[in-house]
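Position 13 (the sequence shown) corresponds to 12 in numbering that gives the first Met the number 0; numbering is contiguous.
Read through the structure below, which is laid out as structure tokens, and then see the notes.
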Amino acid sequence: MTYRRIAAVLLPIALVAAIGIGVWGYQVNQDKKKLLVQSENQYQRAFHDLNFHVDKLQDELGKTRALNSQKQLSTSLTNVWRLSYAAQKDLGQLPLSQLPSDKTESFLGRLGSFAYKTGVRDLNKKPLTEQEYKTLSTLYKNTNVVQGDLKKVQNQALNQNLQWMDVERAFSSKNQQINNSLVDGFKKVDKLSQGFSEVDLGPAVKNPEQDQRKLYNRLKGKNVTPTEVKEKVADILERPNTKGIKVSKTNNGKYPVYSITLKEKNGKQVTGDLTQKGGYVLWMNYDRQVKKPKISPERAQGEAVSFLDRLGYPKMETISYGQSGNVAVFTFVRNANGTLFYPESVAVKVAMDNGEITGFRADQYVFNHQATFKTKPTISKDKARTYVNSHLKVQKVRQAVIYGDHGGEVLCYEFLGQLDKNKYRVFINAKSGDEEYVEKIKDNNTMKEL
0 MTYRRIAAVL
10 LPIALVAAIG
20 IGVWGYQVNQ
30 DKKKLLVQSE
40 NQYQRAFHDL
50 NFHVDKLQDE
60 LGKTRALNSQ
70 KQLSTSLTNV
80 WRLSYAAQKD
90 LGQLPLSQLP
100 SDKTESFLGR
110 LGSFAYKTGV
120 RDLNKKPLTE
130 QEYKTLSTLY
140 KNTNVVQGDL
150 KKVQNQALNQ
160 NLQWMDVERA
170 FSSKNQQINN
180 SLVDGFKKVD
190 KLSQGFSEVD
200 LGPAVKNPEQ
210 DQRKLYNRLK
220 GKNVTPTEVK
230 EKVADILERP
240 NTKGIKVSKT
250 NNGKYPVYSI
260 TLKEKNGKQV
270 TGDLTQKGGY
280 VLWMNYDRQV
290 KKPKISPERA
300 QGEAVSFLDR
310 LGYPKMETIS
320 YGQSGNVAVF
330 TFVRNANGTL
340 FYPESVAVKV
350 AMDNGEITGF
360 RADQYVFNHQ
370 ATFKTKPTIS
380 KDKARTYVNS
390 HLKVQKVRQA
400 VIYGDHGGEV
410 LCYEFLGQLD
420 KNKYRVFINA
430 KSGDEEYVEK
440 IKDNNTMKEL
């Protein structure tokens with residue numbers, strides 16, 4: 000009888016304790032999963048930023064030969080230094096502490112140091128020497144090799160759905176034989192860098208030094224709730240409900256955002272960030288393997304345009320097109336009465352197997368969008384043409400707004416032309432005639448509209 004009484008008392012207590020432990024264990028598991036997702040997102044962002052910065056670094060080095068003013072050459076060299084620093088920073092954020100990547104970091108450091116030392120001096124009084132031009136040419140070629148191999152790693156990561164957390168777990172297990180494509184790819188990049196004894200991000204992202212928190216604070220709208228974020232994401236993805244969409248709040252970055260995740264039944268997932276103020280989408284990415292291309296670049300561009308129209312963007316114009324693996328990437332800028340606003344850019348990724356939108360990035364549009372711009376040109380288009388390098392074969396002229404060196408918007412005449420086998424955009428200040436910026440257009444921008 001005594002045992003029965005004790006059992007009658009202890010059994011309910013044991014059941015309650017078991018349930019409590021189960022709930023606690025479930026919560027711990029959920030928190031762990033959330034942390035893993037956040038870590039993977041951070042690694043993915045750093046990895047793609049690394050590719051982005053090295054890409055721009057190679058362009059910046061290549062365009063110096065098309066510059067016609069010592070002032071712009073100095074600015075371009077300083078930008079090479081900034082991009083080198085940005086790429087080094089991206090590299091340091093990846094889980095490669097136990098992987099030899101110091102040669103790549105050293106190459107970026109030496110490149111940046113050379114660009115800084117030559118760029119900060121008065122090039123009008125002391126122009127680049129013939130040897131320095133040769134050094135720039137060599138650095139350009141070397142960076143092109145590094146860029147190419149990084150692209151291969153990026154394409155492999157996208158096509159095979161490779162995860163950076165797998166790299167971190169492999170290192171944590173202290174397994175001497177680590178079989179991971181990301182690790183192998185970076186080993187190859189580092190070996191190439193050993194043989195080589197930010198930030199201007201283009202006219203669409205020409206103001207990297209601006210205080211992004213200040214830009215965030217000037218956004219219109221109230222702070223949105225997680226529920227409103229879920230509804231917006233469901234609308235973008237054209238889903239009938241918000242089931243499965245998870246939202247987490249992040250306040251320790253440059254500005255407060257909501258990070259979203261949605262895991263599909265097939266194991267793939269959607270990730271992205273939205274601003275807490277106004278609920279503006281900064282970026283979204285749909286992680287899936289894209290099969291062999293079946294549609295044309297023109298069809299893919301049409302899908303991207305339709306997507307932006309559905310989201311309510313104003314008239315946008317395609318300024319660049321590239322292809323990463325089996326995914327097409329289009330960059331758009333706002334077109335207001337024929338004037339292109341480069342700071343207000345949006346990039347859209349389209350799967351070439353079926354035309355599905357697999358991601359887009361709109362942070363530059365969100366932070367730089369303005370309703371009006373009243374400045375008018377002072378000099379004529381023909382007068383501006385006289386300030387362009389005479390070797391450039393001009394094919395098209397239009398007005399454009401970019402960020403100038405002082406950090407503010409500048410109205411320019413944009414001259415699209417060709418020098419040898421390369422295409423360039425040259426921006427001439429519509430008031431002063433100064434050469435504000437020169438951009439090399441990528442070889443894979445082969446669509447007729449570009």
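We put the CB at the ideal spot given by N, CA and C, even for glycine.
{"Check": "Check whether T63 and L110 have beta carbons under 9 Å apart", "Outcome": "no"}
{"Check": "9 Å Cβ cutoff met for M283 and N325", "Outcome": "no"}
{"Check": "Cβ distance (whole Å) where N160 is taken to contact Q288 below 8 Å", "Outcome": "6 Å"}
{"Check": "The alpha helix (DSSP H) enclosing T77, as first and last residue numbers", "Outcome": "Q69 to G91"}
{"Check": "Local conformation of E435 per DSSP, three classes", "Outcome": "strand"}
{"Check": "Those residues which DSSP pairs with F51 across a bridge", "Outcome": "Bridge partners of F51: none, in fact."}
{"Check": "is_contact[Q322, chain B] using C-beta, thresh 9 Å", "Outcome": "Structure shown: chain B not included; a single protein chain is present."}
{"Check": "Contacts around K380, its chain only, beta-carbon distance under 7 Å, and the 5 residues preceding and following it disregarded", "Outcome": "V396 and Y412"}
{"Check": "N388 versus D121 - alpha carbon distance", "Outcome": "21 Å"}
{"Check": "C-alpha distance - Q322 paired with A299, whole-angstrom precision", "Outcome": "11 Å"}
{"Check": "For F106 and Q398, the rounded distance between their alpha carbons", "Outcome": "39 Å"}
{"Check": "Euclidean distance between Cα positions of F329 and R360", "Outcome": "10 Å"}
{"Check": "Which listed residue (P296, K133, L127 and E39) has its alpha carbon closest to that of K70", "Outcome": "L127"}
{"Check": "Range of the contiguous beta strand (DSSP E) that encloses R424", "Outcome": "N421 to N428"}
{"Check": "Start-to-end residues for the beta strand (DSSP E) that takes in S295", "Outcome": "Premise fails: S295 is in no beta strand (DSSP E) and is neither H nor E."}
{"Check": "Cβ-based burial, E434 [other Cβ within 10 Å; buried from 16]", "Outcome": "buried"}
{"Check": "Local conformation of F372 per DSSP, three classes", "Outcome": "coil"}
{"Check": "For V349, three-class secondary structure by DSSP", "Outcome": "strand"}
{"Check": "C-beta contact flag for Y257 and D234 at 9 Å", "Outcome": "no"}
{"Check": "Which of helix, strand or coil DSSP assigns to A361", "Outcome": "coil"}
{"Check": "Whole-Å CB distance - Q363 paired with P376, under 8 Å assumed", "Outcome": "24 Å between Cβ atoms; not a contact."}
{"Check": "C-alpha gap between K245 and V232, whole angstroms", "Outcome": "10 Å"}
{"Check": "Distance CB(E227)-CB(Y285) smaller than 9 Å", "Outcome": "no"}
{"Check": "Best match in V347, F306 and H368 for proximity to Y402 [C-alpha to C-alpha]", "Outcome": "H368"}
{"Check": "From G61, F51 and D48, residue whose alpha carbon lies closest to that of K420", "Outcome": "G61"}
{"Check": "8 Å contact criterion, which V347 and A303 should meet: CB distance rounded", "Outcome": "4 Å"}
{"Check": "Residue interval of the alpha helix (DSSP H) (run including S136)", "Outcome": "E129 to Q159"}
{"Check": "Per DSSP, the bridge partner or partners of M517", "Outcome": "No answer is possible for residue 517: it lies beyond the span of the chain, which begins at 0 and ends at 449."}
{"Check": "Under 9 Å between C-beta atoms of Y423 and V400", "Outcome": "no"}
{"Check": "Rounded straight-line distance, which links the Cα of A85 to that of E208", "Outcome": "Here E208 scores only 37 on pLDDT, less than 50, and its place in the model should not be relied on; the value that follows carries that caveat. If you take the alpha carbons of E208 and A85, they lie about 12 Å apart."}
{"Check": "Whole-angstrom C-beta distance between S75 and E59, which should lie under 8 Å", "Outcome": "6 Å"}
{"Check": "Strand pairing of Y115, partner residues [DSSP]", "Outcome": "Its beta-bridge partners do not exist; DSSP assigns none."}
{"Check": "Closest by C-alpha distance to T260, when choosing among G277, G278 and T241", "Outcome": "T241"}
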